[in-house]
Amino acid sequence: MKIKNLRHMGHLDIPGGGQVTVKDGYAYIGHMAPPLGTSVVDVSNPKAPKLVAQLDVPPTTHSHKARVVGDVLFVNFERYKETPGPFRPGVRILDVREPKNPREIGFLDTAGIGVHRFDVDRQYLYLSTEIDGYVGNITVVYDLAQPARPREV
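In my numbering, the protein residues as written are 41 to 193.
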């Protein structure tokens, strides 16, 4: 099958990706299965993408969503299948001013199996998670005035 107006430019062999966000020549790729959490790929030359950083997650976690706003990367922590063992549900928050060297600046703890779907803008983090006292996932909104320390609104 031929696709019109689309041509192959480059390739990077990388394990199964989830959500991809591209900002300023870097692709932030969430992965479906541990130990990979998030990969950072320099795509400034689309003919030769280069892996520049990878963030691992514990074997009980998958981190398949990645969103970048400004110089801050947000990635979900959700339980991986029914994997037994210690698990920390929530959102990992990283400074990516230097995309080749992501630095964790915060972690937003949630409950249950963690965060699945979420979105973010410069002011708020909107996420779907479980919270004690509620049945199933609910939407929770956090203020990002201090991105490293989101505050529930």
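Don't be surprised by glycine CBs; every beta carbon is placed ideally from N, CA and C.
Three-state secondary structure assigned by DSSP to residue i
i: Lys105; result: coil
i: Ile145; result: strand
i: Thr123; result: coil
i: Lys42; result: coil
i: Tyr166; result: strand
i: Asp96; result: strand
i: Ile69; result: strand
i: Gly77; result: strand
i: Gly50; result: coil
i: Gly173; result: coil
i: Gly154; result: strand
First through last residue of the beta strand (DSSP E) which encompasses residue i
i: Asn116; result: Val112 to Arg119
i: Gly58; result: Gly57 to Lys63
i: Arg132; result: Gly130 to Asp135
i: Thr179; result: Asn177 to Asp183
i: Asp161; result: Where Asp161 is concerned, there is no enclosing beta strand (DSSP E), given that its DSSP letter is neither H nor E.
Contact set for residue i: own chain, Cβ-Cβ below 7 Å, skip 5 residues either direction
i: Pro190; result: Leu148, Leu165, Tyr182, Asp183 and Leu184
i: Glu192; result: Val180 and Tyr182
i: Lys63; result: Val108
i: Ile153; result: Glu118, Arg119, Pro129 and Glu170
i: Leu95; result: Gly77, Thr78 and Pro142
Beta-bridge partners of residue i, as assigned by DSSP
i: Lys90; result: Asp82
i: Arg191; result: Asp183
Cβ-Cβ separation, residue j to residue i (assumed contact under 8 Å), whole Å
i: Ala106; j: Tyr66; result: Actually they do not touch by this definition, with Cβ atoms about 11 Å apart.
i: Pro124; j: Ala93; result: At roughly 29 Å, the Cβ-Cβ gap does not stay under 8 Å, so Pro124 and Ala93 are not in contact.
Own chain partners of residue i with C-beta closer than 8 Å, once the 5 adjacent residues on each side are dropped
i: Met49; result: Pro86 and Lys87
i: Gly176; result: Glu170
i: Ile54; result: Ile69, Ser79, Val81 and Leu91
Own chain residues within Cβ distance below 6 Å of residue i, not counting five before or after
i: Pro98; result: none
i: Val136; result: Asp111, Leu113 and Pro142
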